[in-house]
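By the working numbering, the letter at position 71 of the sequence shown is numbered 88, and the numbering carries on one by one without gaps.
Positions of the beta carbon are idealized from the N, C-alpha and C atoms, including for glycine.
Keep in mind that this is a model prediction, so the values were computed, not measured.
Comments concern the structure below.
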Amino acid sequence: MPTPLTILIADDHPIFRKGLRQLIDAEAGYRVVAEADNGEDALRRIEALSPAIAILDGHMPKVSGLEVARAMRDRGLPSIAVFLTMYKDEEMFNAALDAGVRGYVLKDSAITEILGCLAAVAAGKPYVTGELSHYLINRRSQRESAPSITSRLTPSEVRVLRMIALYKTSKEIAEELHIDPRTVDNHRTNIASKLGVRGSHALLKFAVAHKSEIY
């Protein structure tokens, strides 16, 4: 018999969490291994247990579900993030997908949709609540019409950005490319300006988040 996929549920409403757990545990192929009532505990347990799928409430105490998903992405954690939210705005939807979320479900329909969502993301497919599917179409249209990241940069800048995505320092990049570290810093400045990236460590975060688009 195949090993059940392990699930973590993070939600600050115990009654909702209990109902979700009962529904999932009753389905063959899944096993809830942990619960959390705030984002801080959720992230700690995701790191410790590496569940196959982490179901995250969008708004939790201490750390939001969105911040947990971003931390999972930035730390390279293998668990798949599924997002639960009461909100239907497109900005939150895009922020969640940018954070690496693979399933996006409205809490109002979670009881009827969560099992379908789990099956989809476990099979490597994204899942979006039907009511919000037009957001996904908008997102794809915008990406197809927008110029690619690499098309906005020179070949040298692309090479530097790829190395930044691998967490290399300016000194390490300079040594590998046989150029002066100040030249690398100039490239960093130009890249950030062209991509509209601002703030401390923002370029590193951008490069890591868009790694698949620059390689």
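Ignore the nearest five residues each way along the sequence and tell me which others in residue i's own chain have a CB closer than 7 Å to its CB.
i, result
"V280", "This structure cannot speak to residue 280, because the chain is shown only from 18 to 232."
"L220", "I181, R205, I208, A209 and V214"
"G141", "none"
"A127", "L37 and L101"
"E64", "L94"
"C134", "V99, G120, V122 and Y144"
"A113", "L83, A86, F100 and Y121"
"V175", "T167 and I231"
Straight-line CA distance for residue i to residue j?
i, j, result
"A13", "Q39", "It is not possible to answer for residue 13, since the shown part of the chain is limited to 18 through 232."
"K222", "L170", "18 Å"
"S162", "P172", "Bear in mind that a pLDDT of 47 at S162, under 50, signals an unreliable position, so the number given afterwards is only what the model happens to contain. Going from the Cα of S162 to the Cα of P172 covers about 22 Å."
"A136", "E148", "19 Å"
"R107", "E130", "Per the sequence shown, residue 107 should be read as Glu rather than Arg. Taking the straight line joining both Cα atoms gives about 20 Å."
"Y144", "G120", "5 Å"
"R199", "K228", "24 Å"
"D74", "R87", "14 Å"
"D29", "A224", "33 Å"
"F33", "Y184", "40 Å"
"G117", "N111", "10 Å"
"A43", "L132", "11 Å"
"D197", "G216", "24 Å"
Roughly how far, in whole angstroms, is the beta-carbon of residue i from the beta-carbon of residue j, given that I think they are within contact range, below 8 Å?
i, j, result
"I231", "T167", "6 Å"
With a threshold of 6 Å on Cβ separation, who are the neighbours of residue i within its own chain once the five nearest residues in sequence on each side are excluded?
i, result
"L212", "none"
"K35", "none"
"T195", "Checking the displayed sequence, the identity of residue 195 turns out to be His instead of Thr. Cβ within range, chain order: n/a, list empty."
"K124", "L101 and M103"
Sorry if obvious, but does the Cβ on residue i come closer than 8 Å to a heavy atom of the ligand SAH?
i, result
"M109", "This structure lacks the ligand SAH; in fact it carries no ligand of any kind."
Handout entry: the stretch 85-99 contacting the stretch 34-51, beta-carbon criterion three pairs below 8 Å
Key = Too few Cβ pairs lie closer than 8 Å, so no.
Exercise for the section: Determine contact between the stretch 68-81 and the stretch 22-32, defined as no fewer than three beta-carbon pairs at a distance below 8 Å. Expected result: Taking 8 Å as the limit for Cβ pairs, the verdict is that the stretch 22-32 does touch the stretch 68-81.
Practice task
Report yes or no: do the stretch 78-90 and the stretch 55-66 share at least 3 C-beta pairs separated by less than 8 Å?
Solution key: With the cut-off at 8 Å, the stretch 78-90 and the stretch 55-66 touch.
Problem - Runs of beta strand (DSSP E) wholly within the stretch 66-103 (minimum 3 residues, chain order) - result: Counting whole runs of 3 or more residues, the stretch 66-103 contains the beta strand (DSSP E) stretches 70-74 and 97-102.
Problem - Within the stretch 176-228, ranges of the beta strand (DSSP E) (whole runs, at least 3 residues) - result: Unbroken beta strand (DSSP E) stretches of 3 residues or longer found wholly inside the stretch 176-228: none.
Practice task
Let me know the beta strand (DSSP E) ranges lying completely inside the stretch 106-156, each 3 residues or longer, listed in chain order.
Solution key: Under the rule that a run must span 3 or more residues, the beta strand (DSSP E) segments found entirely inside the stretch 106-156 read 120-123.
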